[in-house]
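Structure record follows, encoded as structure tokens.
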Amino acid sequence: MRAVNRKARRIENQIDASRDEAFALQNPQGGGQQRPHVPMGCSLSFSPGWEVDSAGGTSGLCQPVERDIYDCYVTCFWPAQVPDHLNNYPDWAAKCAAATKDWRNLDLVFP
Amino acid sequence: MTAAEPVYRLGEFHSLNAAGRRFLYLVPAGAIFELDDAAAALLDSVGGGATRAELLRRLEARGIAEAEDLIEELRAARAIVTGDEPADDPAAPPEDFPLQTLVMNLTNQCNLSCQYCYEFGEDKVATPQGKPKFMDLETAKSSVDFLLEQSAGRRAVHITFFGGETLMNFPLLKQVVAYANDRAARQGRTIDFSLTTNATLLTPAIIGFLSENRIGVTVSMDGPPELHDKLRVFANGRGSYDIIAPRVRELIARHRTRPITARVTLTRGVTDVIRIFRHLKQDLGFHEVGFAPVTTSPDRLYAIGDRGMDGVLDQFHTLAEEWHQYALRGQMHGFSNVSDTIAELVQGVNKSHPCGAALGLVGVGPSGDIAPCHRFVDSDTHALGHISRGIDRAKQRDFLSRGHISAKYDCRSCWARPLCAGGCHHEAFVRYGDTGHPNLHYCGWIRDWTETCLKIYCSLSAQNPEFLDRFAEGKALS
């Protein structure tokens, strides 16, 4: 179909946009050739995710639950309910050397 | 249990042929697409409904490649649907929708006594008793301030001067232009102006002022003398043609900064559209001429009636075809009824309301009462507040919710609703006693006219698309 008025062109743009894949977690190099999708962060390191163990607590998870803080804060750029390390809060975890011990030093932020 | 396989059906569109090609007018969106052979084949294959597998089989039989992509494309545009698409009624506009235009009724007095006038005639909604007859400077200034304040975010706003007869309060008009220009300039914004007049009071000095200040002028005029003088008369019954003709000629000759438009009211016996158009366009030299049937209850003597209206439509078609031929040669024809619709089709409007009344536009009467538009000015029933207190949001909400397209049940199945949205609120009130009632007496004509303009649009999109670009930039008339 050929768009012949402004509204039709907007629909066309929207269709074109929806055909493109989301590149948020993908390696942007590679030019025209699509490379295999290489995930980073939590999905690769088998982090607990925001989960509970079989007993409903967090002590039985394969990694300390506090690790998630860093999976969302440092290695990942996915929006989660922690401050973002990349742009706005590079020092948020500066006082938290070991999350299991120092997590109380992590404070709220007020954007 | 597995979910039933989705069945594809045709979406809501109006199809038409122009210049030997096929087009779709997608109704909920107001979008226009030209169909290529593959898309046309797909739509023809849908029939009364088909699963994806059936569609693919039928398309393969027709030799269509890349059918998967095609189905996705047409589905995304909603030319075909599976029934689980979200509803797409135009949303209600935000409550703080900024003003764009203020219509200032400088006076409710008029030196003519046109019988059909919606302000004075038998169907009037105005209740001017005990209210000022002329707007004073304070009210006018407050109105300007109100417009600037309520139009935050818009760089350019518009004031239309109206009446009564606008020029009966020309001294105020001059003061308002000076005041408004000054106020707007201080905010780094601009105001442009237009007015509607019966032309009886035009003088060389006034014409000079209008041209100098780039004030757009619309003249209410009904054609050559024998037609114009039927209803556009002075209080003693004498026609006004001989008074206005020389003034109009001078206006058109000397006002060169904006196009001059004639606005014709069609009534019983004044339906000779082509003759009226030729006279106003060629003999007098108006740049654009627009026609509208009189707003009236059906039983008035001057009401046109169905058969009269059909004759009007036939002549509209003749002029529309002329407009089309002019456009193919890259020329403006001057028949506003086509130009205005084409401008809306270029954008692909999908209206929540038929017009900007009580939304981006309000009318202000001599008393400072705010009305949904100039047609409701001075009416106690329809007032939406006062310039000193602002817009009464509850009344505005009521007006807008009744006028919203989703409140008009009869319009639900009509393919012309993106442009019409039920038609004029004032016409609806006069006919049905409710501003939110769809104007059912016009439906057939509106669809016919929309189809005519769509065909012209589609033909031009194939044969002279540059001409349509002029409308996209809003420069067609300047």
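For the record, the sequence lines run as chains A and B.
The numbers in this note's numbering rise by one with no breaks, and the one at position 26 of the first sequence is 26.
The numbers in this note's numbering rise by one with no breaks, and the one at position 317 of the second sequence is 317.
In this text, a Cβ means the ideal position worked out from N, Cα and C, and glycines have one as well.
Everything numeric in this text was worked out from a predicted model, so none of it was measured.
Judging by CA-CA distance, which residue of the options is the nearest neighbour of residue i?
i	options	result
Gln100 (chain B)	B:Pro94, B:Val157, B:Val248, B:Arg393	B:Val157
Gln129 (chain B)	B:Val377, B:Lys408, B:Cys453	B:Val377
Leu543 (chain B)	B:Pro465, B:Leu454, B:Leu345	For residue 543 (chain B) there is no data in the structure shown, the boundaries of chain B being 1 and 478.
Cys72 (chain A)	A:Ala55, A:Val82, A:Ala94	A:Val82
Glu466 (chain B)	B:Met332, B:Ile370, B:Tyr432	B:Met332
Leu251 (chain B)	B:Arg268, B:Val273, B:Ala292, B:Phe209	B:Phe209
Thr268 (chain B)	B:Gly436, B:Asp222, B:Asp369	Going by the sequence as given, residue 268 (chain B) is Arg instead of Thr. Checking every option, the nearest Cα to that of Arg268 (chain B) belongs to B:Asp222.
His317 (chain B)	B:Met135, B:Thr450, B:Thr190	B:Thr450
Asp123 (chain B)	B:Val430, B:Leu468, B:Gly436	B:Val430
Ala303 (chain B)	B:Thr271, B:His287, B:Gly330	B:Thr271
Tyr83 (chain B)	B:Ile260, B:Glu5, B:Leu112	Looking at the sequence provided, one finds Gly at residue 83 (chain B) rather than Tyr. The shortest Cα separation from Gly83 (chain B) among B:Ile260, B:Glu5, B:Leu112 belongs to B:Glu5.
Asp96 (chain B)	B:His425, B:Gly422, B:Gln396	B:Gln396
Measuring only between beta-carbons, confirm whether residue i sits less than 9 Å from chain B.
i	result
Asn13 (chain A)	no
Arg2 (chain A)	yes
Arg6 (chain A)	yes
Ser54 (chain A)	no
Arg10 (chain A)	yes
Phe59 (chain A)	According to the sequence shown, residue 59 (chain A) is Ser rather than Phe. Output row for Ser59 (chain A): interface = no.
Give a yes or no on whether 9 Å exceeds the smallest Cβ distance from residue i to chain A.
i	result
Ser478 (chain B)	Residue placement at Ser478 (chain B) is flagged as unreliable, the pLDDT there being 41, under the threshold of 50; a coordinate-derived value is accordingly withheld.
Gln463 (chain B)	no
Ile456 (chain B)	no
Ala327 (chain B)	no
Ala472 (chain B)	yes
Asn17 (chain B)	no
Ile32 (chain B)	yes
Ala76 (chain B)	yes
Ala41 (chain B)	no
Leu35 (chain B)	yes
Val349 (chain B)	yes
Glu85 (chain B)	no
Leu59 (chain B)	no
Among residues of its own chain, excluding the 5 on either side of residue i, which ones have a beta-carbon nearer than 6 Å to its beta-carbon?
i	result
Ala38 (chain B)	Ile64, Leu70
Arg214 (chain B)	Thr257, Arg258
Arg447 (chain B)	Ala416
Gln150 (chain B)	Leu99
Gly239 (chain B)	Asp229, Val233
Val103 (chain B)	Thr160, Phe162, Gly363, His374
Thr218 (chain B)	Thr196, Thr261, Arg263
So, for residue i: in the same chain, excluding its five sequence neighbours on each side, which residues have a beta-carbon less than 8 Å away from its beta-carbon?
i	result
Leu55 (chain B)	Tyr8, Leu42, Ser45, Val46, Ala67, Ile71
Arg58 (chain B)	Ser45, Ala50
Tyr70 (chain A)	Ala93, Ala99
Thr127 (chain B)	Asp378, Ser379, Asp380, Thr381
Thr166 (chain B)	Leu106, Thr107, Leu173, Leu195, Thr196, Thr197
Arg62 (chain B)	Ala41, Ser45
Ile32 (chain B)	Phe23, Leu24, Tyr25, Leu26, Leu345, Gly348, Leu454, Tyr457, Cys458, Ser461
Asp242 (chain B)	Pro225
Ala91 (chain B)	Ser352
What does residue i pair with, by DSSP beta-bridge criteria?
i	result
Asp192 (chain B)	B:His158
Asn17 (chain B)	B:Arg22
Val52 (chain A)	Answer by DSSP bridge pairing: none, since Val52 (chain A) is not bridged.
Ala31 (chain B)	B:Leu26
Arg9 (chain B)	B:Val81
Ser220 (chain B)	B:Arg263
Arg2 (chain A)	B:Glu34
Gly363 (chain B)	B:Val103, B:Ala371
Gly290 (chain B)	B:Arg263
Using the beta-carbon count (16 or more within 10 Å), is residue i buried or exposed?
i	result
Lys7 (chain A)	buried
Ser80 (chain B)	Checking the sequence, you will find Ile at residue 80 (chain B) rather than Ser. Burial call: buried.
Arg412 (chain B)	exposed
Tyr116 (chain B)	buried
Ala320 (chain B)	buried
Asp182 (chain B)	exposed
Tyr118 (chain B)	buried
Ala327 (chain B)	buried
Gln187 (chain B)	exposed
Gly11 (chain B)	buried
Gln14 (chain A)	exposed
Pro171 (chain B)	exposed
Ile274 (chain B)	exposed
Glu427 (chain B)	buried
Cys62 (chain A)	exposed
Leu169 (chain B)	This sequence places Asn at residue 169 (chain B); Leu is not what is there. With 16 or more Cβ atoms within 10 Å of its Cβ, Asn169 (chain B) is classed as buried.
Leu266 (chain B)	buried
Arg247 (chain B)	buried
Less than 7 Å between C-beta atoms, sequence neighbours within five positions excluded: which residues of the same chain meet that for residue i?
i	result
Leu74 (chain B)	Ala39, Leu42, Ile80
Ser440 (chain B)	Rather than Ser, the amino acid found at residue 440 (chain B) in this sequence is Leu. Correct list, in chain order: Asp410.
Tyr179 (chain B)	Lys141, Val144
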